[in-house]
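Below is one structure; the comments refer to it alone.
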Amino acid sequence: MNKTQLDKYVYDLNKIRGTIKFTSEFEQNDQINYLDTMLTKTIINNETILKIRWFRKDTAADRLLNYESSHGKSIKSNIVKNMTTRILETTQDNIDQQEDLNKLRNMLLKSNYPLKEIEKLIKQTCQEFKSNKN
(Lines of atoms letter the chains of each structure in order from A and count residues from 1; the text may use other names and numbers.)
(Lines give C-alpha, C1' and ligand atoms only; values in the text may rest on other atoms or scores of the structure.)
Protein backbone atom coordinates (compact mmCIF):
# COMPACT_ATOMS: atom_id res chain seq x y z
CA MET A 1 0.00 0.00 0.00
CA ASN A 2 1.50 3.34 -0.97
CA LYS A 3 1.07 6.59 0.98
CA THR A 4 -1.79 7.85 -1.19
CA GLN A 5 -3.73 4.62 -0.75
CA LEU A 6 -3.10 4.69 2.99
CA ASP A 7 -4.27 8.30 3.28
CA LYS A 8 -7.47 7.49 1.37
CA TYR A 9 -8.09 4.42 3.53
CA VAL A 10 -7.71 6.44 6.74
CA TYR A 11 -9.93 9.20 5.29
CA ASP A 12 -12.65 6.63 4.47
CA LEU A 13 -12.37 5.10 7.96
CA ASN A 14 -12.79 8.50 9.55
CA LYS A 15 -15.98 9.18 7.55
CA ILE A 16 -17.66 6.36 9.47
CA ARG A 17 -19.60 7.75 12.39
CA GLY A 18 -17.98 7.13 15.69
CA THR A 19 -15.84 8.68 18.36
CA ILE A 20 -12.58 7.10 17.20
CA LYS A 21 -10.50 9.02 14.68
CA PHE A 22 -7.66 7.21 12.94
CA THR A 23 -4.29 8.61 11.98
CA SER A 24 -1.49 7.05 10.00
CA GLU A 25 2.23 7.20 9.62
CA PHE A 26 4.26 6.12 6.65
CA GLU A 27 7.88 5.11 6.86
CA GLN A 28 10.53 7.76 6.27
CA ASN A 29 14.09 6.80 5.38
CA ASP A 30 13.05 3.15 5.76
CA GLN A 31 12.10 3.76 9.42
CA ILE A 32 8.87 3.99 11.35
CA ASN A 33 8.32 4.49 15.07
CA TYR A 34 5.50 2.98 17.07
CA LEU A 35 5.16 3.63 20.78
CA ASP A 36 8.63 2.84 22.19
CA THR A 37 9.82 0.83 19.19
CA MET A 38 11.67 1.83 16.02
CA LEU A 39 11.51 -0.45 13.00
CA THR A 40 14.20 -0.03 10.35
CA LYS A 41 14.04 -1.83 7.02
CA THR A 42 17.29 -2.77 5.31
CA ILE A 43 17.93 -4.87 2.24
CA ILE A 44 20.94 -7.19 2.30
CA ASN A 45 21.57 -9.55 -0.62
CA ASN A 46 18.04 -8.94 -1.95
CA GLU A 47 16.58 -9.94 1.42
CA THR A 48 14.52 -7.47 3.46
CA ILE A 49 15.53 -7.40 7.10
CA LEU A 50 13.67 -5.59 9.87
CA LYS A 51 15.81 -4.19 12.66
CA ILE A 52 13.92 -3.50 15.89
CA ARG A 53 15.14 -1.06 18.51
CA TRP A 54 13.96 0.72 21.66
CA PHE A 55 12.86 4.25 20.83
CA ARG A 56 12.36 7.50 22.72
CA LYS A 57 10.74 10.52 21.10
CA ASP A 58 12.83 13.67 20.80
CA THR A 59 10.24 15.37 22.99
CA ALA A 60 10.55 12.77 25.78
CA ALA A 61 11.62 14.28 29.09
CA ASP A 62 14.46 11.75 29.63
CA ARG A 63 13.65 11.72 33.31
CA LEU A 64 12.10 9.03 35.43
CA LEU A 65 10.83 8.93 39.00
CA ASN A 66 13.34 10.92 41.04
CA TYR A 67 15.44 8.74 43.31
CA GLU A 68 15.03 11.30 46.11
CA SER A 69 11.23 10.87 46.08
CA SER A 70 9.46 9.24 49.00
CA HIS A 71 8.51 6.18 46.95
CA GLY A 72 9.73 2.83 48.25
CA LYS A 73 13.10 1.43 47.20
CA SER A 74 11.38 -1.51 45.48
CA ILE A 75 9.50 0.90 43.18
CA LYS A 76 12.74 2.64 42.20
CA SER A 77 14.55 -0.67 41.67
CA ASN A 78 11.70 -2.01 39.54
CA ILE A 79 11.83 1.06 37.30
CA VAL A 80 15.47 0.27 36.49
CA LYS A 81 14.78 -3.45 36.04
CA ASN A 82 11.69 -2.95 33.88
CA MET A 83 13.30 -0.33 31.64
CA THR A 84 16.39 -2.55 31.23
CA THR A 85 14.25 -5.57 30.39
CA ARG A 86 12.30 -3.54 27.84
CA ILE A 87 15.53 -2.57 26.09
CA LEU A 88 16.82 -6.15 26.14
CA GLU A 89 13.53 -7.45 24.72
CA THR A 90 13.19 -4.75 22.07
CA THR A 91 16.68 -3.92 20.80
CA GLN A 92 18.08 -6.88 18.90
CA ASP A 93 21.57 -5.71 17.94
CA ASN A 94 24.16 -5.95 20.74
CA ILE A 95 25.86 -2.65 19.87
CA ASP A 96 22.50 -0.86 19.73
CA GLN A 97 21.56 -2.53 23.02
CA GLN A 98 24.62 -1.06 24.72
CA GLU A 99 23.82 2.39 23.30
CA ASP A 100 20.24 2.13 24.56
CA LEU A 101 21.39 0.97 27.99
CA ASN A 102 23.71 4.00 28.09
CA LYS A 103 20.73 6.24 27.28
CA LEU A 104 18.88 4.62 30.17
CA ARG A 105 21.88 5.17 32.48
CA ASN A 106 21.87 8.87 31.58
CA MET A 107 18.12 9.13 32.20
CA LEU A 108 18.57 7.51 35.60
CA LEU A 109 21.50 9.78 36.47
CA LYS A 110 19.38 12.82 35.55
CA SER A 111 16.78 11.43 37.95
CA ASN A 112 19.37 11.30 40.79
CA TYR A 113 19.85 7.52 40.88
CA PRO A 114 23.29 6.61 42.32
CA LEU A 115 25.60 5.26 39.60
CA LYS A 116 26.57 2.26 41.74
CA GLU A 117 22.86 1.33 42.14
CA ILE A 118 22.23 1.80 38.41
CA GLU A 119 25.14 -0.43 37.42
CA LYS A 120 24.21 -3.13 39.94
CA LEU A 121 20.57 -3.30 38.82
CA ILE A 122 21.32 -3.19 35.08
CA LYS A 123 23.97 -5.92 35.44
CA GLN A 124 21.64 -8.08 37.55
CA THR A 125 18.77 -7.65 35.09
CA CYS A 126 20.99 -8.47 32.09
CA GLN A 127 22.21 -11.65 33.79
CA GLU A 128 18.67 -12.72 34.69
CA PHE A 129 17.47 -11.97 31.17
CA LYS A 130 20.24 -14.05 29.58
CA SER A 131 19.69 -16.99 31.94
CA ASN A 132 15.93 -16.94 31.29
CA LYS A 133 16.56 -16.87 27.54
CA ASN A 134 18.63 -20.08 27.63
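Residue numbers for the sequence shown follow the UniProt record's numbering, beginning at 1 and rising by one. Every residue gets a Cβ at the ideal spot worked out from N, C-alpha and C, and that includes glycine.
Query	Result
Local Cβ density within 10 Å of residue 84, reported as buried at 16 or more and exposed below that	buried
Beta-carbon proximity of residue 40 to residue 57, cut-off 8 Å	no
Three CB pairs or more closer than 8 Å across the segment 70-83 and the segment 22-32	no
Straight-line Cα distance separating residue 16 from residue 1	21 Å
Backbone CA spacing between residue 32 and residue 54 [nearest angstrom]	12 Å
Separation of residue 4 from residue 20, as counted between CA atoms	21 Å
Three-state secondary structure (DSSP) of residue 1	coil
Residue 81 versus residue 6: straight-line alpha-carbon distance, rounded	38 Å
Residue span of the alpha helix (DSSP H) that contains residue 102, given as start and end	94-110
Coil, strand or helix - residue 53 by DSSP	strand
Bounding residues of the beta strand (DSSP E) (the contiguous stretch that carries residue 84)	From DSSP, residue 84 is part of no beta strand (DSSP E) but of the alpha helix (DSSP H) over 73-90.
DSSP bridge partner residues for residue 41 (one or two, in chain order)	50
DSSP-derived helix/strand/coil call for residue 14	helix
Segment contact, 8 Å Cβ cut-off, at least three pairs: the segment 86-96 with the segment 61-74	no
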